[in-house]
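Take a look at the structure set out below.
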Amino acid sequence: MTISCGDADSGNLIVQGDNLDALKALLPRYAGKVKCIYIDPPYNTGNEGWVYNDNVNSPEIKKWLGEVVGKEGETLDRHDRWLCMMYPRLVLLKQFLKDDGAIFISIDDNEVASLRILMDEIFGSNNFVATIAWQKIYTVKNNARHFSEMHDYVIIYALKKKQWERNLLPRSAETDEDYSNPDNDPRGEWTTNALQSRNYYSKGTYEISCPGGNVISGPPKGTYWRMSETSLWELDDDNRVWWGEKGNNSPRIKKFLSEVKDGVVPSTWWEHKFAGTNSGAKTELRSILGDFEEELFNTPKPWQLIQRIIQISTDKDSIVMDSFAGSGSTAHAVLNQNKKDKGSRRFILIEMDKVVSESITSHRMRSVISGYAFKGKKKEELYNVKLTLSNLKNTPEYLEEISKIENDKSEEYTRTKRVLSDNNIVYQIQKCYKIKHLNRYT
Ligand SMILES: C[S@@+](CC[C@H](N)C(=O)[O-])C[C@H]1O[C@@H](n2cnc3c(N)ncnc32)[C@H](O)[C@@H]1O
198 MTISCGDADS GNLIVQGDNL DALKALLPRY AGKVKCIYID PPYNTGNEGW VYNDNVNSPE
258 IKKWLGEVVG KEGETLDRHD RWLCMMYPRL VLLKQFLKDD GAIFISIDDN EVASLRILMD
318 EIFGSNNFVA TIAWQKIYTV KNNARHFSEM HDYVIIYALK KKQWERNLLP RSAETDEDYS
378 NPDNDPRGEW TTNALQSRNY YSKGTYEISC PGGNVISGPP KGTYWRMSET SLWELDDDNR
438 VWWGEKGNNS PRIKKFLSEV KDGVVPSTWW EHKFAGTNSG AKTELRSILG DFEEELFNTP
498 KPWQLIQRII QISTDKDSIV MDSFAGSGST AHAVLNQNKK DKGSRRFILI EMDKVVSESI
558 TSHRMRSVIS GYAFKGKKKE ELYNVKLTLS NLKNTPEYLE EISKIENDKS EEYTRTKRVL
618 SDNNIVYQIQ KCYKIKHLNR YT
C-alpha cells in the first residue's frame, strides 16, 4: 500500500491500497474526526468485466476471504461474500466518524436489502436517517426486460442520530418560483398555505364570511381550520389572508419569501437536474482524462450528487472520506463545494486499483485543480420560467434573477444563452469550461 499526499499543506490524501489495510493504518490519526463518509462500493451486479471487481473476485478480496473467513469463503454465495467484504470495512469506517457525523452509501437493488440489515446491525436501526432515491438516468430504456431502472439509492446512517444535524440547502430560482406579488404587498413576494388541515382542532369549525360577501359554512368535510377565528381576523387585519381576486375564495394564509427560512429542507427525491446522471459524469470524466479505458468507469457518480451530500452534511472545515474512491468524484465534489462557500474541507480517498488510483483518481485531481476544458455538448438548464399574461409584468425581476445566476456561475461556465421557447424563458448554459481556481488547493 502506498500513501500519497497532494500539496503538502492541503491535508488531502489519496491512498492506494485495499481499504481494509488503509483504514486500519489511518485510524489512529483520524478516529472520531470525519464528519461525512460517502462510499460507492461495488454493487455486486455480477458484471465481472470491470476493474471494480463487482463480483468481489479480486485477488485482494479473495486473499482476505481466504485468511479471515477461511475455507467457507470459497463456497459462500455471492451475497454472503459481498457482506463478508463489507462488514469489517463498515465496522472500521464507523470508528472514523465524529459524534455528529454520518455515512452515505450508494447502492442499487442488488444489495440494498442486505446493506440495510448490515447497517442496522453495525450502526443500529435507531441511527438510520433516510434513503434517497437518486434519478441516475432520465430516459427509459426500451429494451429493458421488465422495468427500465432509473434510480439508485443513497442510504444514510448517523453515528448518533440525535446529534446529527442536516444543513438546509440554498434556495434557488426554482424553489422560489411559486412566490409572486399579485397584490403589490410591500413585504414582497408571497405564496399561500391552505387554512384547513386534517389535524383535529377544537376551535377549527367556524363559519367564515368572505370580504366579497360569500359565506363559507365551515372547513371542507374531514378537515379543520388550523387557527381560531380570532387569529384568522387578526391576520386579515395585517393583510396576511388571501381571499382570491374577487375576495370570495376559501381563505389562504400568505407566506412571504422574506420571512421563510433561508434554506430548503432536503427531500429524499434527488432529480438528475440538480444531482446529475451517470452518463453526464462519464462525459465529464472523458473531458478531464482524455483517453481512458471507459469500461473501467461505466457508471461514475456525478460530483453534483456528492456535492449535495457534502452541502447537507458538512461544515466548511470538515473532513470527508471515501474508501471506494474510483475516479475521485468525491474529491471533485469537495473541491467544488470549497470553491462555492470558501470552505477548507479536506478529503481522504482510498482506491485499491493501482492503475485507477494513479492514472485516473490522481490524474483527475490534478486536472480539476489546474482547470480543464469541458468537451461534451452538455446543456444545463439553470432557469426556467413560464411567461403568462399575469406574470409578464415580473419580467424585470426574472431578468435580474437570470443575471444573478449568470454572475454566480461565471467562473464555472464561459458560454451562456438565454432562450425563449414555448413561452418559457429558459436560461441555458452551453459548453462549459470548468473551474480554473480552487482556493487553497490551487
Ligand atoms: C463503484 S466504484 C466507485 C466509483 C466512484 N464513486 C466514482 O464516481 O468514480 C468502486 C471502486 O472501489 C474500488 N474498490 C473495490 N474494492 C476496494 C477495496 N477493498 N479497497 C479499496 N478500493 C476498492 C474499485 O477499484 C472501484 O474503483
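Residue numbers (our numbering): 198 to 639. No residue lacks a Cβ here, since even glycine has one placed at the ideal position from N, Cα and C. Remember, it's a predicted structure, so these values are computed and weren't measured experimentally.
### Task
Check whether the segment 543-561 touches the segment 315-322, taking contact to mean three or more Cβ pairs, one atom from each stretch, closer than 8 Å.
With a cut-off of 8 Å, the segment 315-322 and the segment 543-561 do not count as touching, because too few Cβ pairs lie within range.
### Query
Considering H348, what are the terminal residues of the beta strand (DSSP E) in which it resides?
Counted as a single uninterrupted DSSP element, the beta strand (DSSP E) harbouring H348 occupies residues 348-355.
### Task
Check I211 in the structure and name its three-state DSSP category.
Strand, per DSSP.
### Boundaries of the beta strand (DSSP E) in which I319 is found, first to last residue
Judged by DSSP secondary structure, I319 falls outside any beta strand (DSSP E) and instead within the alpha helix (DSSP H) spanning 309-320.
### Task
Look at the Cβ atom of P448, then the Cβ atom of D433, and state whether they are nearer than 9 Å.
A contact, by the Cβ cut-off of 9 Å.
### Query
Can the beta-carbon of P367 be found closer than 9 Å to that of Q534?
Not closer than 9 Å, so no.
### Cβ-Cβ distance between R423 and N396 below 9 Å
In contact: R423 and N396 (Cβ atoms closer than 9 Å).
### Query
Can you list, in chain order, the residues of its chain whose CB lies under 6 Å from that of S554, leaving out five sequence neighbours each side?
Only residues of its own chain outside the window of five on either side were considered, and among them Q213, E548 have a CB closer than 6 Å to the CB of S554, listed in chain order.
### Message
Taking 6 Å as the limit between beta carbons, can you name the residues of its chain near G473, skipping five residues before and five after?
### Response
Closer than 6 Å at the Cβ level, and outside the excluded window around G473, lie P499, Q501, L502.
### Task
Sort H343, Q332, G523 by Cα distance to Y350 and report the nearest one.
Answer by Cα proximity: Q332.
### Message
In the DSSP assignment, the beta strand (DSSP E) including Y235 goes from what residue to what residue?
### Response
Per DSSP, Y235 belongs to the beta strand (DSSP E) from 231-236.
### Query
Buried or exposed: which applies to W430, given that a residue is buried once 16 or more other Cβ atoms fall within 10 Å of its Cβ?
Burial call: exposed.
### Message
Taking the straight line between their C-alpha atoms, what separation do you get for I545 and A528?
### Response
When rounded, the distance between both Cα atoms is 8 Å.
### Task
Return the bridge partner residues of Y421 from the DSSP annotation.
The partner list for Y421 (beta bridge, DSSP) reads S394.
### Message
So if DSSP puts F544 in a beta bridge, which residue, or which two residues, is it bridged to?
### Response
Paired residue(s): V517.
#### Entry: Pair within 9 Å by beta-carbon distance, I557 and G525
It is a contact, given that the beta carbons lie within the stated cut-off.
### Closer than 8 Å: E478 CB and nearest ligand 1 heavy atom
The question names Glu, but residue 478 is Ala in the sequence shown. Correct: A478 has its Cβ closer than 8 Å to ligand 1.
### Reduced DSSP category for I602 - H, G, I as helix; E, B as strand; rest coil
The answer is helix: DSSP assigns I602 an H, G or I state.
### Query
Any idea if G477 is buried or exposed, counting beta-carbon neighbours within 10 angstroms, 16 or more meaning buried?
Buried, since its Cβ has 16 or more Cβ neighbours within 10 Å.
### Task
Grab the span of the beta strand (DSSP E) containing T328 for me, first residue to last.
Segment 325-332, the beta strand (DSSP E) holding T328.
### Query
How long is the line joining the alpha carbons of I211 and K614, rounded to whole angstroms?
Looking at the two C-alpha atoms, the distance is approximately 38 Å.
### Query
Are S311 and D237 close, meaning C-beta to C-beta below 9 Å?
No; because the gap between Cβ atoms is not below 9 Å, this pair is not in contact.
### Query
For N216, which option in N411, K232, P239 has the closest C-alpha, if you only look at C-alpha atoms?
Minimum Cα distance to N216 is reached at P239.
### Query
What residue does the beta strand (DSSP E) around F453 start on, and which one ends it?
Annotation: the continuous beta strand (DSSP E) that includes F453 extends over 449-453.
### Message
Check whether the segment 510-520 and the segment 372-380 are in contact - that is, three or more C-beta pairs closer than 8 Å.
### Response
Flag = no, the segment 510-520 and the segment 372-380 do not touch.
### Task
Can you tell me which of V457, G410, G415 puts its alpha carbon nearest to the alpha carbon of R384?
Answer by Cα proximity: V457.
### Message
Do K230 and A299 have their beta-carbon atoms positioned less than 9 Å apart in this structure?
### Response
Taking 9 Å as the Cβ cut-off, A299 and K230 do not qualify as a contacting pair.
#### Entry: Sequence-distant residues of its chain with Cβ nearer than 6 Å to A327 (five each side left out)
Excluding sequence neighbours, A327 sits near I353, T465.
#### Entry: G487 to S345 span [Cα, whole Å]
So the alpha carbons of these two residues sit roughly 30 Å apart.
### Message
Let me check understanding here. Comparing Cα to Cα, which of V462, E597, S541 lies closest to N209?
### Response
Minimum Cα distance to N209 is reached at S541.
### Query
I506 and Y235 look like a contact to me (Cβ under 8 Å); what is the Cβ gap, rounded to whole Å?
That pair is a contact at about 6 Å.
### Message
Suppose you measure from the CA of C256 to the CA of R363; what does that come to, to the nearest Å?
### Response
Position check: residue 256 holds Pro in this sequence, whereas Cys was assumed. Cα to Cα, the separation comes out at about 39 Å.
### Query
Beta-carbon separation of L392 and F293 under 9 Å?
Against a cut-off of 9 Å, the Cβ pair of F293 and L392 comes out as no contact.
### Query
Would you say N216 touches ligand 1, meaning its beta carbon is less than 8 Å from a heavy atom?
Taking 8 Å as the cut-off, the C-beta of N216 counts as close to a heavy atom of ligand 1.
### Task
Using 8 Å as the cut-off, classify the Cβ of V309 as near or not near the heavy atoms of ligand 1, replying yes or no.
Incorrect: V309 has no Cβ contact closer than 8 Å to ligand 1.
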